[in-house]
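Just so you know, numbering that gives the first Met the number 0 puts 165 at position 166 of the sequence shown, and the rest follows in order with no gaps.
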Amino acid sequence: MDLKKLFISLIIITMLTGCSVTDLKDSEFKNKEVYNYLEKNYSIVDVESDNFEDVNIIDTENKRVFLTGEKHGNKGNMKLREKFLKYFKKETDFKYYLCELSYSMGYFLNKYLETGDTEILDNIYKPLKGTYAWNKDNYNHWKMLYEYNKKLPKESKIKVVGIDIEHQPSNALRCIYDVLPKEEPKEEISEMINEFKAIMSQEKKVNHEGLKDFSKRLKKDIEENKKEYKEYLEDDLFIFNLVNNNILYRYEAYGNDNFNSFRDEKIYENFEKIYNNNPDEKYFGQWGIGHIYQREQKDVKWMATLMNDSKELKDKIVSIVYSYDDCKYMSKNNGSYEVKVIDNFDHKLDLIKDFTLFRLDGENSPFNDELIWPYSYSIEKKGVTTDYFQYLVVIKGLDATEPLD
0 MDLKKLFISL
10 IIITMLTGCS
20 VTDLKDSEFK
30 NKEVYNYLEK
40 NYSIVDVESD
50 NFEDVNIIDT
60 ENKRVFLTGE
70 KHGNKGNMKL
80 REKFLKYFKK
90 ETDFKYYLCE
100 LSYSMGYFLN
110 KYLETGDTEI
120 LDNIYKPLKG
130 TYAWNKDNYN
140 HWKMLYEYNK
150 KLPKESKIKV
160 VGIDIEHQPS
170 NALRCIYDVL
180 PKEEPKEEIS
190 EMINEFKAIM
200 SQEKKVNHEG
210 LKDFSKRLKK
220 DIEENKKEYK
230 EYLEDDLFIF
240 NLVNNNILYR
250 YEAYGNDNFN
260 SFRDEKIYEN
270 FEKIYNNNPD
280 EKYFGQWGIG
290 HIYQREQKDV
300 KWMATLMNDS
310 KELKDKIVSI
320 VYSYDDCKYM
330 SKNNGSYEVK
340 VIDNFDHKLD
350 LIKDFTLFRL
360 DGENSPFNDE
370 LIWPYSYSIE
380 KKGVTTDYFQ
390 YLVVIKGLDA
400 TEPLD
């Protein structure tokens, strides 16, 4: 079968899965238009090379936030993440690495990046067992970043910023404890601080409900005694307060029927706090794919949707989504892991290699005019493709990540 016929098969398959590909009566013309565009706007990415000619079809001009989106658990994800991290660093000199992590974990990762002390890394990873982050590629990524960061000038070193809600309370508590001064607090706040120290020493034992109650009371105490907390913690009050709030968001999110909406709203609020202090900086991060959609989807205003809705970042975000052709991924299963198949890009195009990057928002792109959805699942027809994302990488034949165990 020649390439043109294969691409026509792509369109037919997509129509059968419920995605709106074309409203034109002359579908043959439309197929040809889409194919001709893609043929002129793609690149085969060599993830092992630090030559970036293969990804320079990405337009970085006047952009401030660069986001890549994955389905967790595939080996190709980290290969692309590291390729794009180095590319965007070279092209934009971004400073802040926006990660799908809590602020507390980012806090300790920065300590690791400053020291290379793997004990710090091991300690923050212990609570991650049972999550997608508990894999060898993810763990080793930070070792790579440590070596990479060492070579950068001091003013250009990358700083990790976790803006997710809290998922591992033990890391959050250790972070709060780490910023406490050695000096004793003033009497007005000593009761709460001493109770917290008792929790950390396990003199006072708390379960999840107990921690939730303590965090609520701590939040109230901070609001009522902000001057005393500021004098005690100085600039670290920002960390202390944000991390405690993230603990509360965790409990609210996990009991919420609208988990994704609530979570991404809080992620964006955390981002705003960082961005407002650093409005001239640039940001890069790799997230689960939904978070980087720049248009509301499934009734969720995702992180990137909220960013793009803001006056400061409107049209200044790049979203690059990953799709998987005949791949496998590490799936969670009641605290353990198993390997499953992922094949959400089942369009048999001959030009697809291990990693194939498509630019979707170029000149005369049909993806700018209607919703041509690249995935094998359908979505509600709203807007056009590039409202959601501007680039697509197809990962072909890559295996699952391996758990740390």
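Beta carbons: idealized from backbone N, C-alpha and C, even for Gly.
Are there 16 or more other CB atoms within 10 angstroms of the CB of K75, so buried, or fewer, so exposed? It is worth fixing the name first, because residue 75 is Gly in this sequence and not Lys. It is buried - the Cβ of G75 has at least 16 other Cβ atoms within 10 Å.
Using 10 angstroms around the beta-carbon of H166, count the other beta-carbons present and answer buried if the total reaches 16, otherwise exposed. buried
Cβ shell of Y336 (< 7 Å), same chain only, five flanking positions each side left out: Beyond the five residues adjoining it in sequence on each side, Y336 comes within less than 7 Å, by CB distance, of M329, S330 and P402 in the same chain, given in chain order.
What are the complete beta strand (DSSP E) segments, minimum 3 residues, inside the stretch 73-122? 95-101
Would I334 pass as a contact of G129 if the rule is Cβ separation under 8 Å? Correcting the residue type first, residue 334 is Gly in the shown sequence and not Ile. Against a cut-off of 8 Å, the Cβ pair of G129 and G334 comes out as a contact.
Beta strand (DSSP E) segments (min. 3 residues) lying fully within the stretch 263-335: 282-287, 316-324 and 326-332
Where L426 falls, given that 16 or more other Cβ within 10 Å makes a residue buried: Outside the displayed range of the chain (0 to 404) lies residue 426, so it cannot be described from this structure.
C-beta atoms of D349 and M302 nearer than 8 Å: Cβ distance not < 8 Å, so D349 and M302 don't count as in contact.
Leaving aside the five residues before and after R249 along the sequence, list all residues of the same chain whose C-beta is less than 8 Å from its C-beta, in chain order. So the qualifying residues of the chain are I164, E165, H166 and P168.
Should the stretch 97-107 be regarded as contacting the stretch 355-362, the criterion being three or more beta carbon pairs within less than 8 Å? no
Say yes only if the C-beta of Y102 is nearer than 7 Å to one or more non-hydrogen atoms of the ligand HEM, and no if none qualify. For the structure depicted, the ligand HEM is absent and the ligand set is empty, with no information on it obtainable.
Please list, in chain order, all residues of the same chain as L127 whose beta carbon is under 7 Å from its beta carbon, the five residues on each side excluded. These residues qualify, in order along the chain: W133 and Q167.
Nearest-angstrom Cα separation, counted from K300 out to L23: With a pLDDT of 28 at L23, under the threshold of 50, the predicted position of this residue should be treated as unreliable, though the coordinate-derived value follows. So the alpha carbons of these two residues sit roughly 30 Å apart.
Figure out for me which residue from K156, H140 and G68 has the closest Cα to the Cα of T91. K156
Go ahead and pull the three-state DSSP assignment for K185. coil
Should A197 be labelled buried (16 or more other beta-carbon atoms within 10 Å of its own) or exposed? exposed
Applying the criterion that 16 or more other CB atoms from any shown protein chain within 10 Å of the CB defines a buried residue, is G115 buried or exposed? By the Cβ-count criterion, G115 is exposed, with fewer than 16 other Cβ atoms from all chains shown falling within 10 Å of its own Cβ.
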